[in-house]
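**Q** Take this structure first; my questions come after.
In our numbering, the protein residues as written are 201 to 624.
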């Protein structure tokens with residue numbers, strides 16, 4: 201339970217931290233959008249001031265309009281149309297415009313066009329290069345039909361220009377974003393490492409618990425057998441000899457499990473496939489588990505409905521797989537009623553093990569096949585073990601090119617379904 205509380209607290213801390221980071225990133229993006237909008241407005245104002253400066257230089261009256269916004273139309277983001285009375289001196293227009301663009305620090309290329317309404321075309325065009333510009337291409341403003349003459353000021357690169365002006369803010373935001381991502385990743389890996397440490401600690405505790413009781417029982421039996429008077433009591437001698445055998449077998453099985461798991465952890469499973477009868481292996485696995493079945497007074501029902509039960513597989517690993525599934529079903533049921541079902545699907549052999557046990561919460565189902573993970577209920581673990589059985593099961597199934605699924609309802613039981621490739 202302590203592990204569960206610590207894990208929940210750690211998960212909550214990680215969630216809150218990630219939420220804070222996400223909020224900061226969102227606010228940063230909103231702020232950048234606002235900065236961009238502000239820069240766009242400032243650019244618009246600079247263009248209006250440039251137009252006014254050019255008109256004043258050319259002695260063109262603007263007082264027929266209440267404000268510059270009535271004088272200048274902006275039909276597109278990159279295009280500004282300023283009403284004008286023709287004719288005007290084109291050379292003076294270009295010269296004054298170049299000066300005003302520099303005065304108001306508009307350092308992006310500008311396409312200039314003089315539109316005559318009666319011809320519905322530009323009668324004069326020119327591209328004004330910004331200082332230091334490497335783009336020498338001609339800029340042609342789109343022709344928009346109007347019933348008045350106008351000057352077109354075309355800034356197709358204004359978006360790049362504004363972004364360039366925002367360089368400091370963009371770079372600082374990117375750096376902040378990288379820092380936040382690093383912090384978030386560090387928190388994630390810290391939590392992951394903490395979880396692994398806790399799981400390994402639980403494994404060591406389980407390991408100690410699994411071996412401490414049998415060793416203590418063996419020690420007590422050995423001490424009793426050392427007593428010379430025990431020879432005079434054959435029934436007692438047989439009882440303690442049985443205890444020694446039972447505990448020795450139990451320790452041997454536990455050690456075998458650990459050795460098998462360690463072998464799979466060292467690399468991929470080396471399969472020795474041959475044709476095996478899965479129904480025969482199921483019955484053999486049940487025989488191996490008979491002491492546990494009798495101890496738990498378990499009821500087993502076999503629905504071996506597969507017409508084709510033979511398939512290419514590693515016999516030893518298949519027995520381990522079947523034994524683990526049945527053993528788990530028994531161990532996690534208080535009054536075990538286990539149903540083992542087989543059937544065929546096209547190209548597949550299906551094995552399903554259903555129990556009436558404690559069931560598995562949805563949040564725990566995805567973790568079932570993780571190394572050292574053990575099912576928890578609200579109070580404590582229901583069954584003893586190392587948390588490696590289902591990890592081993594998945595490795596075996598994957599090595600055979602199969603799949604495993606779990607369906608479970610807390611308090612009602614679980615069904616583990618294995619799909620294996622059949623004969624081709």
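Every residue gets a Cβ at the ideal spot worked out from N, C-alpha and C, and that includes glycine.
Measuring only the C-alpha atoms, how far is residue 553 from residue 537?
**A** 11 Å
**Q** Taking C-alpha atoms, which residue in 323, 248, 383 lies nearest to residue 215?
**A** Considering only alpha carbons, the answer is 383.
**Q** Is the beta carbon of residue 343 sitting closer than 9 Å to the one on residue 315?
**A** Yes, they are a contact pair.
**Q** Residue 278 to residue 227, Cα distance in whole Å?
**A** Computed Cα separation, rounded: 28 Å.
**Q** Between which two residues does the alpha helix (DSSP H) containing residue 483 stretch?
**A** Note, residue 483: alpha helix (DSSP H), 478-488.
**Q** Tell me the start and end of each unbroken alpha helix (DSSP H) in the stretch 310-378 that is at least 4 residues and wholly inside, in chain order.
**A** As far as the stretch 310-378 is concerned, its whole alpha helix (DSSP H) runs of at least 4 residues are 358-365.
**Q** Count the CB pairs spanning the stretch 537-548 and the stretch 492-501 that are closer than 8 Å, and state whether there are at least three.
**A** The stretch 537-548, when compared against the stretch 492-501, does touch it at the 8 Å Cβ threshold.
**Q** Whole angstroms are fine: how far does the CA of residue 235 sit from the CA of residue 359?
**A** A direct Cα-Cα distance of roughly 13 Å separates residue 359 from residue 235.
**Q** Ends of the beta strand (DSSP E) at residue 543?
**A** 537-545
**Q** Using the Cα positions of residue 470 and residue 224, report the straight-line distance between them to the nearest angstrom.
**A** 50 Å
**Q** Using only CA atoms, which one of 452, 515, 530, 497 lies nearest to residue 473?
**A** 515
**Q** Return the chain-ordered list of same chain residues with a C-beta closer than 6 Å to the C-beta of residue 325, the five sequence neighbours on each side being excluded.
**A** 313
**Q** Please state the DSSP three-state secondary structure of residue 304.
**A** Judged by DSSP in its simplified three-state form, residue 304 adopts coil rather than helix or strand.
**Q** Residue 514 lies in the beta strand (DSSP E); which residues open and close that run?
**A** 510-514
**Q** In chain order, what residues of the same chain have a beta carbon less than 6 Å from the beta carbon of residue 306, not counting five sequence neighbours either side?
**A** 246
**Q** Look at the Cβ atom of residue 544, then the Cβ atom of residue 589, and state whether they are nearer than 9 Å.
**A** no
**Q** In whole angstroms, give me the CA-to-CA distance for residue 603 and residue 621.
**A** 9 Å
**Q** My guess is that residue 285 and residue 349 are in contact by the Cβ rule of under 8 Å, so how many angstroms apart are they, rounded?
**A** That belief holds up - the Cβ atoms of residue 285 and residue 349 are roughly 7 Å apart, short of 8 Å.
**Q** Can you give the Cα-Cα distance for residue 249 and residue 300, rounded to whole angstroms?
**A** Rounded to the nearest angstrom, the gap between the Cα atoms of residue 249 and residue 300 is 8 Å.
**Q** Starting from residue 277, trace the alpha helix (DSSP H) both ways and give me its first and last residue.
**A** Per DSSP, residue 277 belongs to no alpha helix (DSSP H) and is neither H nor E.
**Q** By the three-class DSSP mapping on this structure, what secondary structure does residue 242 have?
**A** helix
**Q** Going by DSSP in three states, residue 561 sits in which element: helix, strand or coil?
**A** coil
**Q** Are residue 293 and residue 351 close, meaning C-beta to C-beta below 9 Å?
**A** yes
**Q** Looking only at C-alpha atoms, which of 365, 428, 507 sits nearest to residue 232?
**A** For residue 232, the nearest C-alpha among the options comes from 365.
**Q** Quick one: does the C-beta of residue 444 sit closer than 8 Å to a heavy atom of the ligand NAD?
**A** Absence of the ligand NAD is noted for the structure shown, with no ligands found whatsoever.
**Q** How many Å lie between residue 614 and residue 562 at the Cα?
**A** 11 Å
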